[in-house]
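Peer 1:
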Amino acid sequence: QCGEHLLTLINDILDVSKIEARKMELYSKEFHFPIFLDNIVQMCFVNAHKKGISLVYKVLSPLPTIVRADEKRLRQILINLLSNAIKFTEKGSITFTVDVIGDRKGVIGKEEKPNQFPITNYQLPITKIRFQVEDTGIGIAPDKLEEIFLPFQQVGEDSRKPEGTGLGLAISRQLVQMMGGELKVKSSLGKGSIFWLDLDLPEVDQQTNAQNLDERNIISFVGSKRKVLVVDDKWANRSVLVNILQPLGFEVIEAANGLDGLNKAQQFKPDVIFMDLVMTVMDGFEATRRLRNLPELKEVVIIAVSASVFEFDQKQSLGVGCNDFLSKPVRVAEVLEKLRVHLGLEWVYEEARSNGQQQEDINPKSQISILAQESKEELQFIAPPAEELAILLDLAMRGDIKSIAQKAAELEKLDEKLLPFARYLRQLAKGFKGKKILEFLKKYS
4 QCGEHLLTLI NDILDVSKIE ARKMELYSKE FHFPIFLDNI VQMCFVNAHK KGISLVYKVL
64 SPLPTIVRAD EKRLRQILIN LLSNAIKFTE KGSITFTVDV IGDRKGVIGK EEKPNQFPIT
124 NYQLPITKIR FQVEDTGIGI APDKLEEIFL PFQQVGEDSR KPEGTGLGLA ISRQLVQMMG
184 GELKVKSSLG KGSIFWLDLD LPEVDQQTNA QNLDERNIIS FVGSKRKVLV VDDKWANRSV
244 LVNILQPLGF EVIEAANGLD GLNKAQQFKP DVIFMDLVMT VMDGFEATRR LRNLPELKEV
304 VIIAVSASVF EFDQKQSLGV GCNDFLSKPV RVAEVLEKLR VHLGLEWVYE EARSNGQQQE
364 DINPKSQISI LAQESKEELQ FIAPPAEELA ILLDLAMRGD IKSIAQKAAE LEKLDEKLLP
424 FARYLRQLAK GFKGKKILEF LKKYS
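448 is the number that the numbering used here gives the last residue of the sequence shown; the numbers go up by one with no jumps.
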């Protein structure tokens, strides 16, 4: 932990130095905005849950699907605000709100303010988005509000200051200004704080963005169940991968260190292993070396996972026998793409609907045929027998989500052909989407 803290401190100091020397640059790219936000919330939810506080995510108006911005720096800003809220909140809740507060057509970045970094110009519709983080934490005294944006400053009683570099808010404010916005705060001592920022984000037309087709909601995969072993000495890191993979139907086994991972790999024979590199007891490098010396596991797919940004560590992980490398914090899209490539998976996507999207706009090659039962109008699952459907429909009418999830688990074992149907139903139940479950079942009744 000391090493990680030192690395964070060094990276933050480098960011501050780059900003002060006007060497920091923004690199804009097109990305799926709702998925980007979901990933951030998922990462921060783990730490909030560990402290026993609730993290509420609210989207107050329809968001653009594809935007153009510096994804890495925007993620850095939002994670910093949410992490601070979690650090300084001992009880109550944190509410992360995203809202569209205006839109216009034109060119972004033409009008530059004094001391503001230039933003690349794009002839795209512009949506003004407000990001707001509200907490019920210790709050900040009025005369200390500006101090929190100074480097190496943390406001509060010494005994209650959590570990940190004191650079996060200083960097975040500078990055927001570089993006053309302003990071603002209001707070009440002992009651909590609200941080917010407004950014103009260019919106990209979905019809001209081919990547959007690959970023529809994945709900399952075709074929038999696959085993995944997650090896990491930190529960929070393991839980991120578990929460990504289990709802999709993967059987996930956890190991708390390299030695534990070595034993469980021999016991469960996984299809793929996500191997953290820096661990106690036995690190990922040694565990991978030993796995490659075992005849029954020398061909298993091993994906190294690390927060290291150094190319040397990435090359070393491949040198000891890893098949690929995944950087922390892990992103859902990257995890699923690694699995698709290495396991040859074929994904099942949620049906395209709403927002006026027409089926003919969807690339036919991106649709998954479930055992050759694909309809030309929309994706169809193979449904269970009529008596099973009747039971499920009755449970849905009564709002018995728990029993629906249990029934879906039973269907997975009943017939391999029902796996996509059952996994999708279980995912809806996990999200407590009672109305959607009812609509889904009625289609097959």
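For each residue, glycine too, the CB sits at the ideal point set by N, CA and C.
Look up residue 439 in the DSSP assignment and say whether it is helix, strand or coil.
Peer 2: Residue state, collapsed to three classes: helix.
Peer 1: Should residue 146 go down as buried or exposed, given a rule of 16 or more other Cβ atoms within 10 Å for buried?
Peer 2: Exposed.
Peer 1: With a threshold of 9 Å between beta carbons, is residue 99 in contact with chain B?
Peer 2: No chain B is part of this structure, which consists of one protein chain only.
Peer 1: Please determine, among 270, 44, 287, the residue with the shortest C-alpha to C-alpha distance to residue 261.
Peer 2: Measuring from the Cα of residue 261, the nearest candidate turns out to be 287.
Peer 1: Specify the secondary structure class of residue 388 as computed by DSSP and reduced to three states.
Peer 2: Looking at residue 388 - three-state DSSP - the assignment turns out to be coil, as it is neither helix nor strand.
Peer 1: For the region 236-246 and the region 275-282, state whether three or more C-beta atom pairs, one from each stretch, are separated by less than 8 Å.
Peer 2: Yes, the region 236-246 is in contact with the region 275-282.
Peer 1: I need the straight-line Cα distance from residue 302 to residue 432, nearest angstrom please.
Peer 2: Cα-Cα distance, rounded: 36 Å.
Peer 1: Of the choices 43, 79, 305, 38, whose alpha-carbon is the least far from that of residue 179?
Peer 2: Cα-wise, what sits closest to residue 179 is 79.
Peer 1: With distances taken Cα to Cα, identify the nearest neighbour of residue 244 among 276, 227, 292, 304.
Peer 2: When each option's Cα is compared against that of residue 244, the closest is 276.
Peer 1: Going by DSSP in three states, residue 330 sits in which element: helix, strand or coil?
Peer 2: In the structure shown, residue 330 sits in a strand (DSSP, three-state: E or B).
Peer 1: State buried or exposed for residue 104, treating a residue as buried only when at least 16 other CB atoms are found within 10 Å of its CB.
Peer 2: Burial call: exposed.
Peer 1: Taking Cβ positions, are residue 392 and residue 444 nearer each other than 9 Å?
Peer 2: In contact: residue 392 and residue 444 (Cβ atoms closer than 9 Å).
Peer 1: Using three-state DSSP, classify residue 194 as helix, strand or coil.
Peer 2: Coil.
Peer 1: Who are residue 93's beta bridge partners in DSSP?
Peer 2: Residue 93 pairs with nothing; no bridge assigned.
Peer 1: Suppose you measure from the CA of residue 420 to the CA of residue 385; what does that come to, to the nearest Å?
Peer 2: Each residue's alpha carbon lies about 7 Å from the other.
Peer 1: Taking all protein chains shown into account, decide if residue 448 is buried (16 or more other Cβ within 10 angstroms of its Cβ) or exposed.
Peer 2: Exposed.
Peer 1: For residue 426 versus residue 348, is the C-beta distance shorter than 9 Å?
Peer 2: Contact: no.
Peer 1: Considering only residues of the same chain and omitting the five flanking positions on each side of residue 327, which have a CB-CB separation below 6 Å?
Peer 2: Closer than 6 Å at the Cβ level, and outside the excluded window around residue 327, lie 306, 341.
Peer 1: CA-CA distance, residue 43 and residue 191?
Peer 2: Distance between the alpha carbons of residue 43 and residue 191: 26 Å.
Peer 1: For residue 231 and residue 254, I'd like the C-alpha separation in whole angstroms.
Peer 2: The alpha-carbon atoms of residue 231 and residue 254 are separated by roughly 6 Å.
Peer 1: Which residues in the same chain as residue 324 place their Cβ atom closer than 6 Å to its Cβ, once the five residues preceding and following it in sequence are excluded?
Peer 2: Cβ within range, chain order: 291, 295.
Peer 1: State the Cα-Cα distance for the pair residue 415 and residue 48, rounded to the nearest angstrom.
Peer 2: One C-alpha to the other measures close to 29 Å.
Peer 1: Unbroken beta strand (DSSP E) runs of length 3 or more, entirely within the region 37-72: which are they?
Peer 2: Whole beta strand (DSSP E) segments, 3+ residues: 57-62, 69-72.
Peer 1: Using beta-carbon positions only, say whether residue 96 and residue 63 come within less than 9 Å of one another.
Peer 2: Result no, Cβ atoms of residue 96 and residue 63 do not sit closer than 9 Å.
Peer 1: So is residue 227 buried or exposed if we call it buried at 16+ other beta carbons inside 10 Å?
Peer 2: Exposed, because fewer than 16 other Cβ atoms sit within 10 Å of the Cβ of residue 227.
Peer 1: Counting only runs that start and end within the region 256-320, where is the beta strand (DSSP E) found for 3 or more residues in a row?
Peer 2: Here the runs fully enclosed are 275-279, 304-309.
Peer 1: Are the region 395-405 and the region 185-201 touching by the rule of at least three beta carbon pairs closer than 8 Å?
Peer 2: Flag = no, the region 395-405 and the region 185-201 do not touch.
Peer 1: Consult DSSP for residue 430 and reduce its assignment to one of helix, strand or coil.
Peer 2: Looking at residue 430 - three-state DSSP - the assignment turns out to be helix.
Peer 1: Which residue's Cα is closest to the Cα of residue 142: 195, 418, 263, 344?
Peer 2: Comparing Cα-Cα distances from residue 142 to each of 195, 418, 263, 344, the minimum goes to 195.
Peer 1: Please classify residue 368: does DSSP put it in a helix, a strand, or coil?
Peer 2: The pLDDT assigned to residue 368 is 32, lower than 50, so where the model puts this residue is not dependable; a value taken from the coordinates is nonetheless given after this. In the structure shown, residue 368 sits in a helix (DSSP, three-state: H, G or I).
Peer 1: Count the other C-beta atoms from every protein chain shown that fall within 10 angstroms of the C-beta of residue 136, then say buried if there are 16 or more, exposed otherwise.
Peer 2: Per the 10 Å Cβ criterion, buried.
Peer 1: Going by alpha carbons, who is nearest to residue 437 out of 408, 274, 309?
Peer 2: For the residues 408, 274, 309, the minimum Cα distance to residue 437 belongs to 408.
Peer 1: Give a yes or no on whether the C-beta atoms belonging to residue 207 and residue 33 are separated by under 9 Å.
Peer 2: In this structure, residue 33 lies closer than 9 Å to residue 207 by Cβ.
Peer 1: Less than 6 Å between C-beta atoms, sequence neighbours within five positions excluded: which residues of the same chain meet that for residue 50?
Peer 2: These residues qualify, in order along the chain: 89.
Peer 1: When you compare only the Cα positions, how much space is there between residue 220 and residue 402?
Peer 2: Residue 220 and residue 402: Cα-Cα distance of roughly 24 Å.
Peer 1: According to DSSP, residue 135 sits in a beta bridge with which residue or residues?
Peer 2: According to DSSP, which records beta bridges pairwise, residue 135 is partnered with 100, 199.
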